[in-house]
Amino acid sequence: MEPISPEESARRAAAARTAPPGGAGASNAPGASAWKERTWRKARARFPERRERFVTTSGLELEPLYGGAPDGGFPAEFPYTRGLRPSMYRGQFWTMRQYAGFSSARETNRRFHLLLESGQTGLSTAFDLPTQIGYDSDHELARNEIGLVGVPINSLRDVERLFERIPLGDVSTSMTINATACVLLALYCALAKKQGVELSKLRGTVQNDILKEYAARGNYRFPAGPSMRLTTDLMAFCETHVPQWNTISISGYHIREAGSTAVQELAFTLGNGRAYVRAALASGLAIDSFAPRLSFFFNAHNNLFEEVAKFRAARRMWARIMRDEFGAKDEKSWMLRFHTQTAGSMLTSQQPENNVVRVTLQALAAVLGGTQSLHTNGMDEALSLPTETSARIALRTQQILANESGVADVIDPLGGSPYIEALTDELEARAKALMAEVEAKGGPVAAIESGFVQREILRSALAWQRAVEKGEQPVVGVNTYQIEETRPAIFRPGGDSQREVLADLEEVRRARDAASVEAALDAVERAARGTDNVMPPILAAVERYATLGELCARLERVFGRYKPPEVL
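Throughout the sequence shown, residue numbering follows this note's numbering, covering 9 to 576 in sequence.
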């Protein structure tokens, strides 16, 4: 082969820079030139790029988009297989939203400030089990769980300490809370009012996805019917008062953590999304009034290419569900926006430093799949709560991917690959078939109440575990490449923090106006027995320092308690 002269090399580079998206040969991609003219050139004014030129380390100039995917559309165009924004990460990186919460509100506040100072761009709050289920920390069922897996929240006093020196109007906050989502959002709104921040300025997400608790996670309190009412009451309240808030984050993450496959994660998550849309419509909300604020929460697992295809298929499937099934007219209603967390269930306590590699691969899948925000797990989370060092390494993993790897320089860089496109199509087809099976059983709520969804997830989890135990599924450090090792130091919340939480709760009860609190709780119970939205009276009650446990006890008087079906 004759060497290429410098002149010929320069000519080819110039030709590539003026070619349609896809570079050499991309003129065969139907619509690529039209997309560039129609969308990309206009988008640059609205979504300016991070820098003037994107080049490789060798100085090769990069186009915004390569390859054509006519069946999947183009970025920022229905059905959004290739991404939601025309510039994607060339305009701005995904939100780096690290999850934190443990010990006490004061300790978690310190971790929040550490992460913000390290470059985190959004807050994400983990709550302890009593808070998730609706018990105060001094309840007999709660005392041994205070602050172990998240921050304990009993009253407005704890929220004041949790966000001390953090202006709520300046941050975006995600709260992983479901059965008690109404109370936690009310507490957040109450603190915003105390800070002088208008509720219309608040930005963030509350998970508020109770169906996956019944299916996969188990942190429920009330039966499905009343819980769906609480979900839609929160959505209606935010439509009027907190319009920038994402009112639900429909979660496949916990479905996958329970042992599901990627197909099941897609099918059950989007099926639950369909159920929430139906419930919101039945409550009187208009589709385009709430659908743009729906968001999703997915898991990023180890199989890099399957995970990328899963995220691309999810966008395409949801766009068609919203437009073609529900008749949404607003393009924002068609867009599946999602947060991703790397797979906690794939972390190993053996050789935990290997988890840094696993988390990096999982994070890479999320970014290549077009996530809007991302949490990366700490390497020691199979053993304990993450230390400050491991939390910083997890954040740095995202920052290195964003700033050093080049994966953010091109939109949907794997799109057009025959392998990726085939995986995307196959995942979509299989997920649609499973969703149809759920619909035939009466829909997601009925399928959960009968135990069908739980049994399907359990079968997949057992199959994975058996494959690991037989050595058919290699797990480095567990069933292959094993070594003798000493157990690393484990970080656990101290007893002092638990005593602090209980003392704060006792002080709140002593200092508040008991009669005013009782009247506010009565108002919440009346709303629950009737048809009024429960959010306004809950907000009024938490402003008087009514506790989470007191509010949930009143709701349980009306709604009762959920009893799960037998699934074995």
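Note that the Cβ used here is the ideal one computed from N, Cα and C, for glycine as well. Just so it is clear, the structure is predicted and the values come from calculations on it, not from any experiment.
How many angstroms separate the CA atom of residue i from the CA atom of residue j?
{"i": "GLU564", "j": "GLN100", "result": "45 Å"}
{"i": "ARG58", "j": "ILE141", "result": "43 Å"}
{"i": "VAL566", "j": "MET387", "result": "43 Å"}
{"i": "ARG438", "j": "ALA444", "result": "10 Å"}
{"i": "GLN370", "j": "ASN310", "result": "6 Å"}
{"i": "GLY557", "j": "VAL415", "result": "46 Å"}
{"i": "ASP512", "j": "VAL157", "result": "19 Å"}
{"i": "GLY67", "j": "ASN362", "result": "34 Å"}
{"i": "VAL367", "j": "GLU265", "result": "15 Å"}
{"i": "GLY204", "j": "SER182", "result": "20 Å"}
{"i": "SER208", "j": "PHE230", "result": "30 Å"}
{"i": "LEU73", "j": "LYS44", "result": "9 Å"}
{"i": "GLU574", "j": "ALA223", "result": "12 Å"}
{"i": "ALA536", "j": "GLY450", "result": "27 Å"}
{"i": "SER180", "j": "LEU123", "result": "14 Å"}
{"i": "THR494", "j": "THR350", "result": "26 Å"}
{"i": "ASN36", "j": "LYS318", "result": "Only weak support is given to the placement of ASN36: the predicted model assigns it a pLDDT of 40, under 50, and the question is left unresolved by the model."}
{"i": "GLY127", "j": "THR397", "result": "14 Å"}
{"i": "THR485", "j": "GLN359", "result": "Sequence check: residue 485 is Gly here, not Thr. Cα to Cα, GLY485 sits roughly 6 Å from GLN359."}
{"i": "GLY267", "j": "MET354", "result": "10 Å"}
{"i": "GLY81", "j": "ASN216", "result": "31 Å"}
{"i": "ARG507", "j": "ARG225", "result": "28 Å"}
{"i": "GLU148", "j": "ASN541", "result": "31 Å"}
{"i": "TYR143", "j": "TYR489", "result": "44 Å"}
Check whether the Cβ atoms of residue i and residue j sit closer than 8 Å, and answer yes or no.
{"i": "GLN4", "j": "TRP472", "result": "Outside the shown range of the chain, which is 9 to 576, sits residue 4, and nothing can be said about it."}
{"i": "GLU314", "j": "LEU431", "result": "yes"}
{"i": "LEU312", "j": "GLY281", "result": "no"}
{"i": "ILE329", "j": "LEU289", "result": "no"}
{"i": "SER341", "j": "PHE305", "result": "no"}
{"i": "HIS262", "j": "LYS220", "result": "yes"}
{"i": "LEU192", "j": "ASN117", "result": "no"}
{"i": "PHE55", "j": "SER95", "result": "yes"}
{"i": "PHE334", "j": "MET543", "result": "no"}
{"i": "ARG98", "j": "ILE419", "result": "yes"}
{"i": "THR139", "j": "ILE161", "result": "yes"}
{"i": "ILE491", "j": "ALA194", "result": "no"}
{"i": "PRO87", "j": "ALA327", "result": "yes"}
{"i": "ALA200", "j": "ASP166", "result": "no"}
{"i": "GLY378", "j": "GLY75", "result": "no"}
{"i": "ALA308", "j": "ALA374", "result": "yes"}
{"i": "SER145", "j": "LEU510", "result": "yes"}
{"i": "ALA51", "j": "ALA84", "result": "yes"}
{"i": "SER505", "j": "GLU115", "result": "yes"}
{"i": "THR240", "j": "ALA287", "result": "yes"}
{"i": "THR103", "j": "THR133", "result": "no"}
{"i": "GLU389", "j": "GLY352", "result": "yes"}
Quick check on this structure: which residue in the options has the alpha carbon closest to the alpha carbon of residue i?
{"i": "ARG404", "options": "SER66, THR65, THR384", "result": "THR384"}
{"i": "GLY568", "options": "LEU547, TYR228, ALA374", "result": "TYR228"}
{"i": "GLU551", "options": "VAL159, VAL566, VAL484, ASP521", "result": "ASP521"}
{"i": "LEU176", "options": "LYS44, GLY424, LYS202, ILE546", "result": "LYS202"}
{"i": "VAL525", "options": "GLU508, ALA554, ASP504", "result": "ALA554"}
{"i": "ALA206", "options": "TRP253, LEU164, ALA322, VAL214", "result": "For the sequence presented, residue 206 should be read as Glu rather than Ala. The shortest Cα separation from GLU206 among TRP253, LEU164, ALA322, VAL214 belongs to TRP253."}
{"i": "LEU572", "options": "ALA535, GLY479, GLY459, ARG518", "result": "Checking the displayed sequence, the identity of residue 572 turns out to be Pro instead of Leu. For PRO572, the nearest C-alpha among the options comes from GLY459."}
{"i": "PRO496", "options": "LEU529, THR356, LYS449, THR255", "result": "THR356"}
{"i": "LEU376", "options": "ILE401, THR348, LEU391", "result": "THR348"}
{"i": "ARG500", "options": "SER392, SER126, LEU238, PHE319", "result": "SER392"}
{"i": "LEU137", "options": "GLN128, ARG151, GLY130, VAL214", "result": "ARG151"}
{"i": "LEU409", "options": "SER425, VAL365, PRO452", "result": "VAL365"}
{"i": "PHE276", "options": "LEU435, LEU238, ARG211, LEU442", "result": "LEU442"}
{"i": "GLU1", "options": "ARG534, ALA519, VAL486, ALA399", "result": "In this structure the chain extends from 9 to 576, so residue 1 is not present and cannot be described."}
{"i": "THR89", "options": "ASP296, ARG61, MET343", "result": "MET343"}
{"i": "LEU529", "options": "GLU514, ASP540, GLY503, LEU559", "result": "LEU559"}
{"i": "ASP178", "options": "VAL453, LEU210, MET236, CYS197", "result": "LEU210"}
Among all the DSSP beta bridges, which residues are the ones paired with residue i?
{"i": "THR213", "result": "SER182, ASN254"}
{"i": "ASN307", "result": "GLN349"}
{"i": "TYR107", "result": "SER132"}
{"i": "HIS383", "result": "GLN349"}
{"i": "GLU69", "result": "VAL63"}
{"i": "ILE401", "result": "Paired residue(s): none; ILE401 is not in a bridge."}
{"i": "THR488", "result": "VAL484"}
{"i": "VAL159", "result": "PHE135"}
{"i": "LEU302", "result": "ILE256"}
{"i": "ILE408", "result": "According to DSSP, which records beta bridges pairwise, ILE408 is partnered with nothing at all."}
{"i": "ILE419", "result": "LEU73"}
Which whole-angstrom value is the C-beta distance of residue i and residue j, which I expect to be below 8 Å?
{"i": "ARG105", "j": "LEU382", "result": "7 Å"}
{"i": "GLU447", "j": "ALA232", "result": "In fact, because the Cβ distance is near 17 Å, the residues do not count as touching under 8 Å."}
{"i": "ALA189", "j": "LEU242", "result": "6 Å"}
{"i": "SER297", "j": "GLU247", "result": "6 Å"}
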